[in-house]
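Everything below concerns the one structure shown next.
Number of protein chains: 2
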Amino acid sequence: MVRTKVEIKRIEDKAKRHTTFTKRRQGLFKKAKELVKRCDAQAAVITFSLAGNIFAFGHPSVDSVVNRYTAAPEQDEEAEKKGEDGVVDEETKEDEETGMFEVPVKDMDMEELEKLNVAMEEMKKKVVDRINGIVSSSKNEEDLGLP
Amino acid sequence: MVRTKVEIKRIEDKAKRHTTFTKRRQGLFKKAKELVKRCDAQAAVITFSLAGNIFAFGHPSVDSVVNRYTAAPEQDEEAEKKGEDGVVDEETKEDEETGMFEVPVKDMDMEELEKLNVAMEEMKKKVVDRINGIVSSSKNEEDLGLP
DNA sequence: ATAGCTATGTTTAGTAA
DNA sequence: ATTACTAAACATAGCTA
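Quick note, the sequences are listed as chains A and B, same order.
Sequential numbering from 1 applies to the first sequence in the numbering used here.
Sequential numbering from 1001 applies to the second sequence in the numbering used here.
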């Protein structure tokens, strides 16, 4: 059969999901390259597959775009709230509402703040490492079936 | 006239270029959202128009994807011995000595980790803002004596 | 995992508002 | 800056290899 109208929701079948990821990732990168070239703009695209593979594209480079974004005074975050497929925005908002850390930053003095900052840096590394660890493990599991 | 075969090169006319940028940026973001939703992947897109406007989208957040990219061990490395869960163990021990965060990162699943990551991002901003606030005020006090 | 195929849904250049 | 319109160009689901 040929193509039918497709609903944008999570693909349950693992193999299909990966195939679709590969195709759509290629399409996304192509679009980004066209945008950059036709409009003389700067852009970066970073993707992680569930298997943990990293794919990134950036013009003039991923790092330069990321740095510029990080250093931007005000991040407009103009990620639309139009709610077409905007499920992602809701999830992000949900995260903001979790309020995992209710530390009274306002009342801390400089010394406390510096300690807190260092502690957070270390914790952050742990979390990222843990994420990468999980991803790597699942990647290994998937690879078991391959020759 | 309707559309002709288009060559992917820089659009010289400024107004046209901006119009195309707006359209194609929207298309790019839509594609990114579909990729995230259908394939359950993480992705971030950051664009700067020539006018300097920032547009960014990320799941679960721009920062988390950027940080994960920055912290990635090696770009296309196959998961080998480093992917075991035990990576975090030593640092966790160290953390207990600090006593500031007793969060059991080791036992958290992916979803929890993502939320934690986002929560830390925001907390970090608060702390940095607070530090900047202190620095600014003390700076102002010093400035009182200057011409 | 990635590539070719094809029918069909989707995006977008050109234009005007 | 963004939006509506339309037809041509384009991307891609479902297959196969």
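Yeah, the Cβ is synthetic: ideal placement off N, Cα and C, and Gly gets one too.
Because the structure is a prediction, the values reported are computed rather than measured.
DSSP beta-bridge partners of residue i
i, result
"ILE46/A", "ALA56/A, ALA1044/B"
Burial state of residue i (16 or more Cβ within 10 Å)
i, result
"ALA1044/B", "buried"
"LYS31/A", "buried"
"ALA56/A", "buried"
"PRO60/A", "exposed"
"GLU121/A", "exposed"
Rounded distance between the beta-carbons of residue j and residue i, thought under 8 angstroms
i, j, result
"ILE1131/B", "LEU35/A", "Rounded, the Cβ-Cβ distance is 37 angstroms, inconsistent with contact."
"VAL128/A", "ARG1068/B", "6 angstroms"
"ALA41/A", "SER1049/B", "5 angstroms"
"ALA9/A", "LYS1033/B", "Contrary to the premise, residue 9/A reads as Lys rather than Ala in this sequence. With a Cβ gap of about 12 angstroms, LYS9/A and LYS1033/B do not count as contacting."
Cα-Cα separation, residue i to residue j
i, j, result
"PHE1117/B", "VAL1066/B", "The identity of residue 1117/B in the sequence shown is Asn, whereas the question assumes Phe. For ASN1117/B and VAL1066/B, the distance between alpha carbons rounds to 12 angstroms."
"LYS106/A", "VAL1105/B", "26 angstroms"
"ALA119/A", "ASP63/A", "26 angstroms"
"MET123/A", "LYS115/A", "12 angstroms"
"GLY1052/B", "ILE1011/B", "17 angstroms"
"CYS39/A", "GLY58/A", "14 angstroms"
"LYS125/A", "LYS1014/B", "44 angstroms"
"ASP1109/B", "ILE54/A", "20 angstroms"
"ILE134/A", "THR1019/B", "42 angstroms"
"GLN1026/B", "THR1070/B", "26 angstroms"
"PHE149/A", "LYS1016/B", "Any answer about residue 149/A is impossible in this case: the structure gives chain A only from 1 up to 147."
"PHE1021/B", "ILE46/A", "20 angstroms"
"SER137/A", "GLU1111/B", "16 angstroms"
**Report entry** Short-range partners of chain B found in the stretch 34-47 of chain A, where Cβ spacing is below 7 angstroms
**Finding:** GLU34, LEU35, LYS37, ARG38, CYS39, ASP40, ALA41, GLN42, ALA43, ALA44, VAL45, ILE46, THR47
**Report entry** Residues of the stretch 6-30 of chain A whose Cβ lies closer than 7 angstroms to any Cβ of chain B, in chain order
**Finding:** Cβ contacts with chain B come from ILE8, LYS9, ARG10, ILE11, ARG17, THR20, PHE21, ARG24, ARG25, GLY27, LEU28.
Query raised in the report: Looking at chain B, which residues of the stretch 47-72 of chain A have a Cβ within less than 8 angstroms of any of its Cβ atoms?
Result: The residues in question are THR47, PHE48, SER49, LEU50, GLY52, ASN53, ILE54, ALA56, VAL62, VAL65, VAL66, ARG68, TYR69, THR70, ALA72.
Query raised in the report: Closer than 9 angstroms, Cβ to any Cβ of chain A: which residues of the stretch 1104-1127 of chain B, in chain order?
Result: VAL1105, LYS1106, MET1108, ASP1109, MET1110, LEU1113, GLU1114, LYS1115, LEU1116, ASN1117, VAL1118, ALA1119, MET1120, GLU1121, GLU1122, MET1123, LYS1124, LYS1126, VAL1127
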